[in-house]
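Heads up: the sequence shown is residues -26 to -1, 1 to 296, going by mature numbering (1 follows the signal peptide of the UniProt record, and there is no 0).
For every residue, glycine included, the Cβ atom is placed at its ideal position computed from N, Cα and C.
As the structure is a prediction and not an experimental result, all values here were calculated from the model.
Okay, so here's the structure we're looking at.
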Amino acid sequence: MRVGGTGRWSLLPALLGTTLLLSACASVQKAPSPTATLALPGGEFLFEHSAKDAQSADMVRRAVENAGPHLARWGAFQEPVTLVIHPNHAALERAARRSGYDFLRAWARYEQVEVQSPRTWTRAGATQKQVDELLLHELTHSLMWQASATVSDWTKKGIPLWFSEGMASYTAGQGYRVPSLEDLARFLHQYPQADPLARAESLYETENATVYGAAHHAFTFLMERYGEKRVRGVLAAMRGGHDFTGGFRDAIGLPVDAFLRDFRRYVYLRGFKGGRLTPPKPFPRPEVRGVPGNPQPAPSSAPHSPTSTPPDTTPEAPSPTS
């Protein structure tokens, strides 16, 4: 899925092309010029690829076109975005400077998205629907950064992982890929000191499916409770000079940590069940299809009391992801 920030989400300088230094003695080749451009109402897009990936580039181009109407809710791109199509997974990992991320298919930055050639995603290649979903997710990241910052300060806004990943997952309609609210409630009962929202980076390596799920559900909760206009206001407030903490308070009307406590309580007490607060007996849930993840933790034999509230583990300032 994504992206840039700290930990799994470390922000890295944008690469100028797909050719990287392969060894200490290898020569550095000049980055290729864009081989195609696409002008849409919401922005301008450039594509870099080899002749071998011309068909894959067509799929990526169609995915960008298909993403346009969905992205429009968040505004328009301020700068052109270059999509670099890499010939294989190893090349993508080098461009993203991330090793061992077998599930990674793309990596987004402010003005550039690195994409593994869809022809190499599986033996049979990717379908257009799969490419559409991935590019909508990744372009949401780039648009979020462009809507909230300039190219010179986008790494300084402190946008937390739950907001960034949640916004991308929500926009791409990827709720079906993540663990459910019930799964999240069980996790909070079993691991009351583990906070997949405010301390997502520390949990990612061992509980990445939970982290993605918490992000998706928290952003959905934000949209349903406060509305799209106020969420767009968070981006506008950051573009106007605030960091995320200040922009959130200005647009939503309460501090980030208060919102996270509210959402955590909603999940912990199973408010999504319409008042049913007594949790059923926990049982293991198989790994969710399509989510890069690890096996779900074994359920606790002694459920926590449903009448108590979860401990407040939210730090004074959310962990930044950009």
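Query	Result
So is ALA242 buried or exposed if we call it buried at 16+ other beta carbons inside 10 Å?	Contrary to the premise, residue 242 reads as Tyr rather than Ala in this sequence. Buried, since its Cβ has 16 or more Cβ neighbours within 10 Å.
Which parts of the segment 61 to 129 are runs of the beta strand (DSSP E), unbroken and 3 residues or longer, counting only runs that do not cross its ends?	80 to 82 and 86 to 90
What is the C-beta distance between GLN102 and MET33, in whole angstroms, given that I count them as a contact (C-beta under 8 Å)?	6 Å
Does VAL241 come out as helix, strand or coil in the three-state DSSP assignment?	helix
Considering Cα atoms alone, identify which of ALA146, GLY248, LEU158 and ALA232 is closest to THR47.	At residue 47 the sequence reads Arg, which differs from the Thr that was named. For ARG47, the nearest C-alpha among the options comes from ALA146.
Along the chain, which unbroken stretches of the alpha helix (DSSP H) at least 4 residues long are found entirely within the segment 164 to 209?	174 to 200
Assuming the contact rule is C-beta atoms closer than 8 Å, PHE21 and THR9 should be a hit. Round their C-beta distance to whole Å, please.	6 Å
Between which two residues does the alpha helix (DSSP H) holding ALA225 run?	218 to 226
Where does the unbroken beta strand (DSSP E) through ALA10 begin, and where does it stop?	10 to 14
Pick helix, strand or coil for PHE233, following the three-state DSSP scheme.	helix
Cα separation between ALA174 and TYR186?	9 Å
Comparing alpha-carbon positions, which option in ARG83, PHE195 and THR184 lies nearest PRO170?	THR184
In the structure shown, what three-state DSSP assignment does PRO153 receive?	coil
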